[in-house]
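>
Chains as they are written, first to last, in our numbering: chain G, 508 to 659; chain Z, 143 to 283.
(1) How big is the Cα-Cα spacing for residue 263 of chain Z and residue 276 of chain Z?
(2) Just checking my contact of residue 617 of chain G with residue 579 of chain G at CB under 8 Å: how many whole Å lie between their CB atoms?
(3) Is the beta carbon of residue 288 of chain Z sitting closer than 8 Å to the one on residue 561 of chain G?
(4) Since residue 272 of chain Z is in the alpha helix (DSSP H), which residue starts that stretch and which ends it?
(5) Consider the Cβ of residue 627 of chain G: report whether some Cβ of chain Z lies at a distance smaller than 8 Å.
(6) Mind reading off the beta-carbon distance from residue 575 of chain G to residue 641 of chain G? Whole number of angstroms is fine, and I expect it under 8 Å.
(7) In angstroms, rounded to a whole number, what distance separates the CA positions of residue 246 of chain Z and residue 569 of chain G?
(8) Rounded to the nearest angstrom, how far is the Cβ of residue 241 of chain Z from that of residue 259 of chain Z, given a contact under 8 Å?
(9) Contact between the stretch 229-243 of chain Z and the stretch 203-219 of chain Z is defined here as three or more beta-carbon pairs at a separation below 8 Å; is this criterion met?
(10) Please classify residue 626 of chain G: is it buried, with 16 or more other beta-carbons within 10 angstroms of its beta-carbon, or exposed?
(11) Should residue 166 of chain Z be flagged as near chain G, meaning a C-beta pair shorter than 8 Å?
(12) Tell me where the alpha helix (DSSP H) around residue 260 of chain Z begins and ends.
(13) Reducing DSSP to helix, strand and coil, say where residue 192 of chain Z ends up.
(14) Write down every uninterrupted run of the beta strand (DSSP E) in the stretch 557-644 of chain G whose length is 3 residues or greater and which is fully enclosed by it, in chain order.
(15) Got a sec? Which residues, its chain only, sit under 8 Å from residue 587 of chain G by beta carbon, not counting five neighbours each side?
(16) Only counting the same chain, and skipping five residues up and downstream in sequence, which positions put a Cβ closer than 6 Å to that of residue 269 of chain Z?
(17) Classify residue 581 of chain G as buried or exposed, calling it buried when 16 or more other Cβ atoms lie within 10 Å of its own Cβ.
(18) Could you work out which residues of chain Z lie near residue 631 of chain G, taking near to mean beta carbons separated by less than 9 Å?
(19) Taking only beta-carbon atoms, is residue 185 of chain Z less than 8 Å away from chain C?
(20) Which first and last residues belong to the alpha helix (DSSP H) in which residue 241 of chain Z is found?
(21) Would you say residue 656 of chain G faces chain Z, with C-beta separation under 8 Å as the test?
(22) Rounded to whole angstroms, what's the CA-CA distance from residue 203 of chain Z to residue 230 of chain Z? Just pull it up for me.
(23) Please report how far the alpha carbon of residue 649 of chain G lies from the alpha carbon of residue 188 of chain Z, in whole angstroms.
(24) For residue 175 of chain Z, which residues from the same chain have a beta carbon less than 6 Å from its beta carbon, with the 5 sequence-adjacent residues on both sides left out?
(25) Residues in its own chain within less than 7 Å of residue 629 of chain G by CB, not counting five upstream and five downstream?
(26) Looking at the structure shown, is residue 657 of chain G part of a helix, part of a strand, or coil, going by DSSP?
(27) By the criterion of Cβ-Cβ separation under 7 Å, what are the contact partners of residue 181 of chain Z in chain G?
(28) Listed from N- to C-terminal order along the chain, which residues in the stretch 551-565 of chain G have their beta-carbon within a distance smaller than 8 Å of any beta-carbon of chain Z?
(29) Pop quiz: residue 171 of chain Z and residue 552 of chain G are said to be a contact at Cβ under 8 Å. What is the actual Cβ separation, rounded to whole angstroms?
(30) Kindly list, in the order they appear in chain G, the residues whose Cβ is closer than 8 Å to that of residue 174 of chain Z.
(31) Taking only the alpha-carbon atoms, compute the straight-line gap between residue 532 of chain G and residue 558 of chain G and give it to the nearest angstrom.
(32) In chain G, which residues lie with their C-beta within 8 Å of the C-beta of residue 177 of chain Z?
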């Protein structure tokens, strides 16, 4: 998904003087919206499948499912920090505020789902967690699209 | 958000809470649309408002409707229930009118909102959602 688009040619020209280390990382740095984003997407989709199967079996959310939400949140924290570093290392024109907005939006999803599913003693709680796992790849995709300069 | 159970603890024949059971899931879906519509309209209004003021004001309006519906469904007391009914009714009218207008005169709605094309950009969930919401409010009455 968008690995080519995440390394546009215009990026090579000027690096801001404040980011003295970043030119060295320059060629590796799109890894956050590249391979790492793909990892998050795959993990989230696997978790979503698990949650959906649990819901289909009429199970309320288990501790393990909440733990999965916490794990996803940790992955997203690294994503947000890495994404901002990646952005700082690029001098290219793209919607930076939107980029950061989507990174932070990703971060908000698992905690909200955790909070909202917590008190529910039916499969609906499991479905709420499943929704969070399904929405996360969409948000990650939007981050990748904004990085690649695709408007929306 | 308040605990839906404690609000009408003393009342007799109090309606079932709208934020539990299936409602827990429904509120989550509304919450997603509240977030999606809010972030979309925030971007639109801040960066390119002059391009299509009508569409972008509509986006913001839809965002507010979703936020009100989400919170009032989650709370579920008598006042919230009335508020939810109003918000979801507006949502229904909104998606139908904006959907119809975007099909009939696409030139006005070149810049998308949540409700453009009856919510086709969101898997038509915006079209289904108000029907489910109103059904749920009736069902829990």
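Ideal placement from N, C-alpha and C gives every residue a C-beta, glycine not left out. Predicted model, so just to flag it, every value in this text is computed and none were measured.
Quick look at the numbers:
(1) 22 Å
(2) 5 Å
(3) Nothing in the structure corresponds to residue 288 of chain Z, since chain Z is present only between 143 and 283.
(4) 267-281
(5) yes
(6) That pair is no contact at about 13 Å.
(7) 48 Å
(8) 6 Å
(9) yes
(10) exposed
(11) yes
(12) Note, residue 260 of chain Z: premise wrong, no alpha helix (DSSP H); not H, not E.
(13) helix
(14) none
(15) 610, 611, 613, 614
(16) 237, 260, 261
(17) exposed
(18) 162, 163, 164, 165, 166, 167, 168, 170
(19) Absence of chain C from the displayed structure is noted, the protein chains being G and Z.
(20) 220-246
(21) no
(22) 13 Å
(23) 18 Å
(24) 208
(25) 567
(26) coil
(27) 608, 612
(28) none
(29) Not really, about 19 Å apart at Cβ, beyond 8 Å.
(30) 638, 642
(31) Note that residue 532 of chain G scores a pLDDT of 49, beneath 50, so its modelled location is shaky and nothing firm can be said.
(32) 612, 615
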